[in-house]
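Numbering (UniProt numbering), first residue to last: 1 to 249. Even glycine gets a Cβ: it sits at the ideal position worked out from N, Cα and C. Given the structure is predicted, the values throughout are model-derived calculations rather than measurements.
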Amino acid sequence: MEPRTRRAGRPPQDASHRLERAHRILDTAADLILRWGYDKTTIEDIARRAGVAKGTIYLHWRTREELFAALLRRERVEMLSQVRLRVEEGAGTLRDLLRLLASELLRRPLMRASLLGDSEVLGKLTRLKRDRAATADLPAGFEGYLGALLRLGALRTDLSPTEHMTTLASVLYGFLLVPPMLPAGYGLPDERLAELLADVGSRAVEPGGPIPAAGARAVPRATLEFVDFAVETAQRKLRASLGTEENAT
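Structure (structure tokens):
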């Protein structure tokens, strides 16, 4: 019997090889997009630098937009995984979480460009970013996490859930958008910027008085549960982009 041949248009059946190749392509795409911008980075450029045929890339992603989406999903998984490690070590308050998220965003150029709709990096994708709600870039489950903090007495009760979300999203975007607009000499190190963002954000939504003892003890657990959910959701979406899981939404 003659050996079975692979159906045209399908990637190799060796899952580990396929996954390694996908990550190699994404590594190359990240380097080129940060260097040249999305509009100037072609599939041909990525294929040549990654050492694969142009058609090979299309076996993984149908369009350049899908490839870029996979790249951002991978960045999000890496960012949230780092945040989870720190939360697990004991950084479990809302202020801790805001500082960790801000710090990771600031040190990841692609995530930062995506959040802010940076036209130099995103090019024509900027318009799509502007069409999205600001809170769409907050990790999955963040609104539910704020609800848990509210029930634990760790958030102001005079603000609605929408007002809590709007306040924190505005603080996040403001701290990331404003620094480049300031005169020379007003720049701050990223870590200090993340600390200030966390301080302002937590002061804006946390109650003025002490949190009930039981609530204070439960906050770290609620924070870890939220981060676990956010990481799992991000991983599922990445697996879908890499062809290792179907029907992620």
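Residue range of the unbroken alpha helix (DSSP H) whose run includes Lys54: Lys54 to His60
Three-state class that DSSP yields for Ile211 in the structure shown: coil
Determine the DSSP secondary structure at Arg108, reduced to helix, strand or coil. Arg108: coil per DSSP, three-state reduction.
State the Cα-Cα distance for the pair Trp61 and Leu100, rounded to the nearest angstrom. Near 32 angstroms, if we compare the C-alpha coordinates of Leu100 and Trp61.
Specify, as a first and last residue, the run of the alpha helix (DSSP H) that Met165 falls within. Pro161 to Leu177
So for Gly144, helix, strand or coil by DSSP? helix
Does the count of Cβ pairs from the segment 114-123 and the segment 37-45 closer than 8 angstroms reach three? yes
Taking the alpha carbon of Ala194 as the reference point, which residue from Glu104, Gly185 and Lys237 has its own alpha carbon closest? Glu104
Spatial neighbours of Arg112 within its chain, please: C-beta separation below 6 angstroms, excluding the five flanking residues on both sides. Leu105
Whole angstroms are fine: how far does the CA of Val83 sit from the CA of Pro188? Checking the sequence shown, residue 188 turns out to be Leu, not Pro. Roughly 22 angstroms between the two C-alpha positions.
Endpoints, alpha helix (DSSP H) assigned at Leu197: Asp190 to Val205
Following a CB-centred definition, is Arg73 positioned closer than 7 angstroms to any heavy atom of the ligand ZN? The ligand ZN is not among the ligands present in this structure, which contains no ligands whatsoever.
Which residues in the same chain have their Cβ closer than 8 angstroms to the Cβ of Asp31, if we skip the five residues on either side of it in sequence? Arg49
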